[in-house]
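Per our numbering, the sequence shown runs over residues 288 to 469.
In this text, a Cβ means the ideal position worked out from N, Cα and C, and glycines have one as well.
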Amino acid sequence: MEIVQYGDPVLRAKGARIETITDDIRNLADAMIGTMRKANGVGLAAQQVGYALQLTVIDVAGVEDRPSTMKIGGEEVNIEEWSPMVLLNPVLELGTEKELGAEGCLSFPNIVSDVQRAATVKAKALLIDGREVEFEATGLLARALQHEVDHLNGVLFIDRMNSAAKASIGGKLRRMQKKQSR
Ligand code: ZN
Numbered sequence: 288m289e290i291v292q293y294g295d296p297v298l299r300a301k302g303a304r305i306e307t308i309t310d311d312i313r314n315l316a317d318a319m320i321g322t323m324r325k326a327n328g329v330g331l332a333a334q335q336v337g338y339a340l341q342l343t344v345i346d347v348a349g350v351e352d353r354p355s356t357m358k359i360g361g362e363e364v365n366i367e368e369w370s371p372m373v374l375l376n377p378v379l380e381l382g383t384e385k386e387l388g389a390e391g392c393l394s395f396p397n398i399v400s401d402v403q404r405a406a407t408v409k410a411k412a413l414l415i416d417g418r419e420v421e422f423e424a425t426g427l428l429a430r431a432l433q434h435e436v437d438h439l440n441g442v443l444f445i446d447r448m449n450s451a452a453k454a455s456i457g458g459k460l461r462r463m464q465k466k467q468s469r
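This is how it looks when you write it as structure tokens:
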């Protein structure tokens, strides 16, 4: 699938809740996993392939320099066994501790900037097989969850940057928007 670039209005659309997990949804999730891997991303939201839906895929398992933890019911689980993760209608509860970290986005090629995020999150979502899951995450997984759930609500990482960071990429953003409107 082609990844939508900044400037396309679908990136600002709030995703519709998924009430029924159909074959179309399963196929979309599979195609998104393939697209994310091909682009070497750790997460992809449905909006980034043109669908305003509450569906995201995340895979942080192979990222050794930015570790993550995941706990279910207070017990740490093996992230590799849970990856790639397909989450439907995810809702997050953010921890109070904040952390500054580098972030990029497949819809903003060649832009990396520090973004402040909660260091820990609690997530609640449906899995692609219809089961409900609740887990706690830290590290890159916590960051990826916040980045992707923002996408599902039409919020982009540039909205989370401080004004200095955003100003430093202002020229690139304007060029991307221009390219999109041609
Ligand atoms: Zn993104």
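Any heavy atom of ligand 1 closer than 7 Å to the beta-carbon of L393?
yes
Can you give me the start and stop residues for the alpha helix (DSSP H) that N314 sits inside?
310–325
Please classify L387 as buried or exposed, where buried requires at least 16 other C-beta atoms within 10 Å of its C-beta.
exposed
Using the beta-carbon count (16 or more within 10 Å), is V378 buried or exposed?
exposed
Would you say A326 and G302 are within 8 Å of each other, going by their C-beta atoms?
no
Could you give the first and the last residue of the continuous alpha helix (DSSP H) run that contains S355?
Element bounds for S355: not the alpha helix (DSSP H) but the beta strand (DSSP E), 355–359.
Report the residue from I398, G426, A429, N376 whose alpha carbon sits nearest the alpha carbon of G457.
I398
Taking all protein chains shown into account, do 16 or more other C-beta atoms lie within 10 angstroms of the C-beta of E390, making it buried, or fewer, making it exposed?
buried
Beta-ladder partner(s) of A405, from DSSP:
K385
Helix, strand or coil for A477, going by three-state DSSP, please let me know.
The question about residue 477 has no answer here: the residues shown for the chain are numbered 288 through 469.
Distance cut-off 7 Å: F444 Cβ against heavy atoms of ligand 1
yes
So what does M372 bridge to, in DSSP terms?
I345
Distance, Cα to Cα, L374 vs L414?
5 Å
Rounded C-beta distance between L439 and T309? I'm assuming under 8 Å.
Not a contact, Cβ separation roughly 18 Å.
Spatially closest choice to G294 from G330, S370, N314, Q334, by CA coordinates
Q334
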